[in-house]
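Below: one structure, written as structure tokens.
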Amino acid sequence: KAGVTQTPRYLIKTRGQQVTLSCSPISGHRSVSWYQQTPGQGLQFLFEYFSETQRNKGNFPGRFSGRQFSNSRSEMNVSTLELGDSALYLCASNNGQSYGYTFGSGTRLTVV
Amino acid sequence: QQQVKQSPQSLIVQKGGISIINCAYENTAFDYFPWYQQFPGKGPALLIAIRPDVSEKKEGRFTISFNKSAKQFSLHIMDSQPGDSATYFCAASKFRNSGNTPLVFGKGTRLSVIA
């Protein structure tokens, strides 16, 4: 059974640019959550999508957005990148009816 | 406001020793307490989890102890091995019919097991 797949693994972007990250959940999982991981703030929740609808949202500015497609794949977008957006962005999937979350390996975003 | 506080930040343990990591939570509505293990370059992987209806759960060398009245839970790694060297995160969430609340994570503990 394939795990959670995140692409790309690494990205380098310039301040002011925008970026789109992709996440393919485990087959059959309808919930996809996004987390930002930084050395200073740790793991912080960005948002969760379930059946193409945003179900929960963390405390991040509107520059961070996401969406989910009918096949449960999800994308997150960050516009007008800032140096502080440099982080590991993690996606986690869940079947929507149990507790366990499975994380992908993440996308390492570096903003220069 | 940090809802889950984890300690220590780093831990060095001799091979064969016991590693103990502690977490305290504030929100009494939480009803799911997982521990995640993360190796460099990888995402967190679920190690073991507990619900508040039991005080202890053991899986192999890993044990969670849960104290509901103190709002604390801890991870014990028995017979620690160099391969256990990783960062460990505690977390908490609440199950709802409309879906779990997001995981709230502790800041993490970097464990180094030395031979």
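Line by line, the protein sequences give chains V and Z.
Okay, so the first sequence: first residue is 116 according to the numbering used here, each after it adds one.
Okay, so the second sequence: first residue is 18 according to the numbering used here, each after it adds one.
Even for Gly, the Cβ is constructed at its ideal location relative to N, Cα and C.
Legend entry - chain V contacts made by the region 55–88 of chain Z, where a contact means CB separation under 9 Å: Q55, G58, K59, G60, P61, A62, L63, A66, R68
Inset, instruction - Determine the contact status of V:V226 and V:L196, defining contact as a CB-CB distance below 7 Å. - result: Residue numbering aside, residue 226 of chain V sits at position 111 when the first sequence is read from its first letter. Residue numbering aside, residue 196 of chain V sits at position 81 when the first sequence is read from its first letter. Result yes, Cβ atoms of V:V226 and V:L196 sit closer than 7 Å.
Legend entry - Nearest neighbour of Z:H138, chosen from Z:S86, Z:A87, Z:S82 [CA to CA]: What the structure shows of chain Z is the stretch from 18 to 132, and residue 138 of chain Z is not part of that stretch, so it cannot be assessed.
Inset, instruction - State whether the region 164–173 of chain V contacts the region 138–151 of chain V, with contact taken as three or more CB pairs (one from each stretch) at a distance under 8 Å. - result: yes
Inset, instruction - Name the two residues that bound the continuous beta strand (DSSP E) containing Z:R127. - result: Position 110 of the second sequence holds residue 127 of chain Z. Start and end: 126–131.
Legend entry - Pair within 7 Å by beta-carbon distance, Z:S122 and Z:F106: As a first step, residue 122 of chain Z must be located in the second sequence, where it is residue number 105. As a first step, residue 106 of chain Z must be located in the second sequence, where it is residue number 89. With the sequence shown as reference, residue 122 of chain Z is identified as Phe, and Ser is not the correct amino acid for it. Yes.
Inset, instruction - Indicate whether at least one CB of chain Z lies closer than 7 Å to the CB of V:L158. - result: Working through the first sequence from its first residue, we reach residue 158 of chain V at position 43. By this cut-off, V:L158 is an interface position.
Inset, instruction - Report yes or no: do the region 184–193 of chain V and the region 126–141 of chain V share at least 3 C-beta pairs separated by less than 8 Å? - result: yes
Inset, instruction - Give the residues of chain V in contact with Z:K124, contact being defined as C-beta atoms less than 9 Å apart. - result: Looking up residue 124 of chain Z in the second sequence gives position 107. The contacting residues are Q156, G157, L158.
Inset, instruction - List the whole-angstrom C-beta distance separating Z:K32 from Z:A103, where the pair is believed to meet the contact cut-off of C-beta under 8 Å. - result: Locating residue 32 of chain Z in the second sequence gives position 15, counting from the first residue. Locating residue 103 of chain Z in the second sequence gives position 86, counting from the first residue. Not a contact, Cβ separation roughly 15 Å.
Inset, instruction - Given a cut-off of 7 Å, decide if V:F160 and V:G173 are closer than it, judged by their beta-carbon atoms. - result: For this step, residue 173 of chain V is matched to residue 58 along the first sequence. For this step, residue 160 of chain V is matched to residue 45 along the first sequence. The answer is yes: Cβ separation under 7 Å.
Inset, instruction - Name the residue from Z:A46, Z:I35, Z:W52 whose alpha carbon lies nearest to the alpha carbon of Z:F90. - result: In the second sequence, residue 90 of chain Z corresponds to position 73, counting from 1. Answer by Cα proximity: Z:W52.
Inset, instruction - Could you tell me the boundaries of the beta strand (DSSP E) in which Z:G33 lies? - result: On the second sequence, residue 33 of chain Z is found 16 positions in, with the first residue counted as 1. First-last for Z:G33: undefined, no H or E at that position.
Inset, instruction - Might you give, ordered along the chain, the residues of its own chain that have their beta carbon closer than 8 Å to the beta carbon of V:S201, omitting 5 neighbours on each side? - result: Mapped onto the first sequence, residue 201 of chain V falls at position 86. Excluding positions up to five away in sequence, the list reads T153, L224, T225, V226.
Legend entry - Spatial distance of V:Q132 from V:G177 (CA atoms): Taking the first residue of the first sequence as 1, we reach residue 132 of chain V at position 17. Taking the first residue of the first sequence as 1, we reach residue 177 of chain V at position 62. So the alpha carbons of these two residues sit roughly 15 Å apart.
Legend entry - Test: V:S180 CB closer than 7 Å to a CB of chain Z: Here the question's residue 180 of chain V lines up with position 65 in the first sequence. Not closer than 7 Å to any Cβ of chain Z, the Cβ of V:S180 fails to qualify, so no.
Inset, instruction - Note down, in chain order, every chain V residue with its Cβ under 7 Å from the Cβ of Z:S112. - result: Looking up residue 112 of chain Z in the second sequence gives position 95. Strictly speaking, residue 112 of chain Z in this sequence is Phe, with Ser absent from that position. Under the 7 Å cutoff, chain V gives Y214.
Legend entry - Counted within 10 angstroms of its Cβ, other Cβ atoms place V:Y125 as buried (16 or more) or exposed: Stepping through the first sequence from its first residue, residue 125 of chain V is reached at position 10. V:Y125 comes out exposed.
Legend entry - V:N209 burial status per 10 Å Cβ neighbour count (16 or more: buried): One-based indexing of the first sequence puts residue 209 of chain V at position 94. Label assigned to V:N209: buried.
Legend entry - beta strand (DSSP E) runs contained entirely in the region 51–84 of chain Z, provided each spans 3 or more residues: 62–67, 73–76, 79–84
Inset, instruction - Counting only the same chain and skipping the five closest in sequence on each side, list residues whose C-beta sits under 6 Å from that of V:K128. - result: Along the first sequence, one-based indexing puts residue 128 of chain V at 13. Correct list, in chain order: V134, L196, V226.
Inset, instruction - Show which residues of chain Z have a CB atom less than 7 Å away from the CB atom of V:E163. - result: Taking the first sequence and counting its residues from 1, one reaches residue 163 of chain V at position 48. Going along chain Z in sequence order, the residues near V:E163 (Cβ under 7 Å) are P119.
Inset, instruction - Kindly give me the distance between the Cβ atoms of Z:L28 and Z:T118, rounded to whole angstroms, as I take these residues to be in contact under 8 Å. - result: Here residue 28 of chain Z refers to the residue found at position 11 of the second sequence. Here residue 118 of chain Z refers to the residue found at position 101 of the second sequence. With 8 Å as the limit, Z:L28 and Z:T118 do not qualify as a contact, their Cβ atoms being about 29 Å apart.
Inset, instruction - Out of V:R130, V:P123, V:T222, state which residue places its alpha-carbon closest to the alpha-carbon of V:L198. - result: Here the question's residue 198 of chain V lines up with position 83 in the first sequence. Of the candidates V:R130, V:P123, V:T222, the one whose C-alpha sits nearest the C-alpha of V:L198 is V:R130.
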